[in-house]
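Here's the structure, in structure tokens; my notes come after.
Residue numbers (this note's numbering), protein chains in the order written: chain A, 1 to 198; chain B, 1001 to 1198.
Have a look at this one:
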């Protein structure tokens, strides 16, 4: 006899499959197609695991991995909001809160609470784990753009100033990684992929 | 000055991006396209996290998540081997060992050793963590096939006997989940999606 608890968990996991259909603005390295939020979440987890030694403070790696795995599930309802699109960013929080209520609400109550608390912690960016996770999430956007000679920065004419402003929270979570990322931005300008300001 | 260590880690993480282009035989729920191994690895991690209470023995969830995140990286070189294709399965181990040497070898030596040990542990399926991870990896194949009214089982005419034989290790890692999965196989036969034996 399969328990109601397991049935609820499976229903949540089947619903989660839809994250594979949510497209981001960044492309795969090589540029063949847009990246989706599920494969991004995997790359985020792999990056967090591999780069954890560069965190600014001592972190619980398990909690960071949980954040990476869960952080974008709200996009199933709320969609991906392009970080340089001011209009989309305006009501992002409201749309994502409603999505979190529905999607985590598919789970048994104790798990729904746990997952929601992890997502809230990630969004608030106050704990060492959330700051490091936010740094890695940003690095996930920067990596393909750098390897794709400007990628979505170039395509959407985002200046180096805006890229710096958007990504400098990397410094709070992982200073050595921000040093690397600043080098990428400088190289993007020097190579003529993006302009300094606009 | 960005360290050689961080540069090696970034090179590995950029190479890992290619996992997003490795296609499996299963389709997304709804059937729109084949699933790739990167988004599968994310779903595997989410399933392992959500279903960890059903593990047959006490497990270290962090180690299971690491296995989920790393387990398919070898497919970047070795490709995805369809589990019901005897020819592909024949030299799978050899191809994947060579891939593990090259891909994990991009990392600093200590991390290369750690990741390789986790991948070897997953492949050997001896520890409680590896048994649970193997159960969840199989569930990842079963879930979309069940939700897609037979999916790749139906498409490739895989009988219920073969599906059972392939997936029964789920029972060793997570008995309650195997009970659920056996119900799915019975329903697939009752619904005429697959035949009992062939």
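Don't be surprised by glycine CBs; every beta carbon is placed ideally from N, CA and C.
Quiz prompt | Nearest-angstrom Cα separation, counted from residue 20 of chain A out to residue 1188 of chain B | solution = By one-based count along the second chain, residue 1188 of chain B stands at place 188. By one-based count along the first chain, residue 20 of chain A stands at place 20. Residue 1188 of chain B and residue 20 of chain A: Cα-Cα distance of roughly 25 Å.
Practice problem: Have a look at B:1104, B:1072, B:1062 and B:1047 and flag the residue whose alpha-carbon is nearest the alpha-carbon of residue 1011 of chain B. | Solution: For this step, residue 1011 of chain B is matched to residue 11 along the second chain. Of the candidates B:1104, B:1072, B:1062 and B:1047, the residue whose Cα lies closest to the Cα of residue 1011 of chain B is B:1104.
Exercise. Locate the beta strand (DSSP E) running through residue 978 of chain B, then write down its first and last residues.
Key: No statement about residue 978 of chain B is possible, as the shown extent of chain B runs from 1001 to 1198 and does not include it.
Quiz item: Residues in its own chain within less than 6 Å of residue 3 of chain A by CB, not counting five upstream and five downstream?
Solution: As a working note, residue 3 of chain A is residue 3 in the first chain. Excluding positions up to five away in sequence, the list is empty.
Quiz item: What is the DSSP secondary structure of residue 19 of chain A, counted as helix, strand or coil?
Solution: Stepping through the first chain from its first residue, residue 19 of chain A is reached at position 19. Note: residue 19 of chain A maps to helix in three-state DSSP.
Quiz item: residue 200 of chain A versus chain B: which residues are under 8 Å apart at the beta carbon?
Solution: Given that chain A is displayed from residue 1 to residue 198, the structure contains no residue 200 of chain A and the question cannot be resolved.
Quiz item: Would residue 78 of chain A count as contacting chain B if we go by Cβ distances under 7 Å?
Solution: Residue numbering aside, residue 78 of chain A sits at position 78 when the first chain is read from its first letter. No - not a single Cβ of chain B is within 7 Å of the one on residue 78 of chain A.
Exercise. Report the rounded CA-to-CA distance for residue 42 of chain A versus residue 1190 of chain B, giving the unit in angstroms.
Key: Walking along the first chain from the start, residue 42 of chain A turns up at place 42. Walking along the second chain from the start, residue 1190 of chain B turns up at place 190. Looking at the two C-alpha atoms, the distance is approximately 36 Å.
Quiz item: Would the region 1112-1130 of chain B and the region 1145-1158 of chain B be scored as touching if the rule is three or more Cβ pairs under 8 Å?
Solution: Result no; under three Cβ-Cβ pairs closer than 8 Å.
Quiz item: Whose C-beta lies closer than 7 Å to the C-beta of residue 1145 of chain B among residues of the same chain, with five residues either side of it excluded?
Solution: In the second chain, counting from the first residue as 1, residue 1145 of chain B sits at position 145. Setting aside the 5 residues that flank it on each side, residue 1145 of chain B is surrounded in the same chain by 1026, 1151, 1152 and 1153, each with a C-beta closer than 7 Å to its C-beta; the list follows chain order.
Practice problem: Can you grab the Cα-Cα spacing for the pair residue 168 of chain A / residue 161 of chain A, in whole Å? | Solution: Along the first chain, read from residue 1 onward, the residue named residue 168 of chain A stands at position 168. Along the first chain, read from residue 1 onward, the residue named residue 161 of chain A stands at position 161. About 10 Å.
Quiz prompt | For residue 971 of chain B: DSSP bridge partner residues | solution = There is no way to answer for residue 971 of chain B, as the model of chain B reaches only from 1001 to 1198.
Quiz item: Over what stretch of residues does the alpha helix (DSSP H) that includes residue 1186 of chain B continue unbroken?
Solution: The residue labelled residue 1186 of chain B in the question sits at position 186 within the second chain. Taken as a continuous stretch (DSSP letters only), the alpha helix (DSSP H) holding residue 1186 of chain B covers 1175-1190.
Quiz item: Leaving out the 5 sequence neighbours to the left and right, which residues in its chain are closer than 6 Å to residue 1067 of chain B when beta-carbon positions are compared?
Solution: For this step, residue 1067 of chain B is matched to residue 67 along the second chain. Cβ within range, chain order: 1118, 1122 and 1133.
Quiz item: Which one of A:7, A:182 and A:52 has the shortest CA to CA distance from residue 173 of chain A?
Solution: Translated into positions along the first chain, residue 173 of chain A becomes position 173. Looking at the Cα atoms, A:52 is the closest of the given residues.
Quiz item: How about residue 44 of chain A and residue 170 of chain A: are their beta carbons less than 7 Å apart?
Solution: For the purposes of this step, residue 44 of chain A is taken as the residue at position 44 of the first chain. For the purposes of this step, residue 170 of chain A is taken as the residue at position 170 of the first chain. It is not a contact, given that the beta carbons lie outside the stated cut-off.
Quiz item: Among B:1158, B:1179 and B:1038, which residue has its Cα nearest to the Cα of residue 1198 of chain B?
Solution: For this step, residue 1198 of chain B is matched to residue 198 along the second chain. It is B:1158 whose Cα lies nearest to the Cα of residue 1198 of chain B.
Quiz item: Does the beta-carbon of residue 1072 of chain B have 16 or more other beta-carbons within 10 angstroms, so that it is buried, or is it exposed?
Solution: Stepping through the second chain from its first residue, residue 1072 of chain B is reached at position 72. Residue 1072 of chain B is buried by the Cβ-count criterion.
Practice problem: Identify the contact partners of residue 194 of chain A in chain B, using a Cβ-Cβ distance below 9 Å as the criterion. | Solution: Taking the first residue of the first chain as 1, we reach residue 194 of chain A at position 194. By Cβ distance, chain B contributes nothing, its closest Cβ being about 19 Å from residue 194 of chain A, past 9 Å.
Quiz item: Which residues of chain A have a Cβ atom closer than 8 Å to the Cβ of residue 1178 of chain B, listed in chain order?
Solution: For the purposes of this step, residue 1178 of chain B is taken as residue 178 along the second chain, with counting starting at 1. What residue 1178 of chain B touches in chain A: nothing, since even the nearest Cβ is about 11 Å away.
Quiz prompt | Proximal chain B residues relative to residue 147 of chain A, where beta-carbon distance stays under 7 Å | solution = Your numbering for residue 147 of chain A matches position 147 in the first chain. Within 7 Å Cβ-Cβ: 1014.
Exercise. Would you check if the distance between the CB atom of residue 1074 of chain B and the CB atom of residue 1048 of chain B is smaller than 7 Å?
Key: For the purposes of this step, residue 1074 of chain B is identified with residue 74 of the second chain, where counting begins at 1. For the purposes of this step, residue 1048 of chain B is identified with residue 48 of the second chain, where counting begins at 1. At a Cβ-Cβ threshold of 7 Å, residue 1074 of chain B and residue 1048 of chain B do not count as neighbours.
Quiz item: For the candidate residues B:1014, B:1109 and B:1177, whose alpha-carbon lies nearest to that of residue 30 of chain A?
Solution: By one-based count along the first chain, residue 30 of chain A stands at place 30. Minimum Cα distance to residue 30 of chain A is reached at B:1014.
Quiz item: Listing by chain order, which chain B residues have their CB less than 9 Å from the CB of residue 191 of chain A?
Solution: In the first chain, counting from the first residue as 1, residue 191 of chain A sits at position 191. Those within 9 Å of residue 191 of chain A in chain B number zero; the least Cβ separation is about 17 Å.
Exercise. Run down chain A in chain order and give the residues with a C-beta less than 7 Å from the C-beta of residue 1039 of chain B.
Key: Along the second chain, read from residue 1 onward, the residue named residue 1039 of chain B stands at position 39. Those within 7 Å of residue 1039 of chain B in chain A are 20, 36, 38, 39 and 42.
Quiz prompt | Boundaries (first-last residue) of the alpha helix (DSSP H) holding residue 119 of chain A | solution = Within the first chain, the letter at position 119 stands for residue 119 of chain A. 109-124 is the span of the alpha helix (DSSP H), which, as asked, contains residue 119 of chain A.
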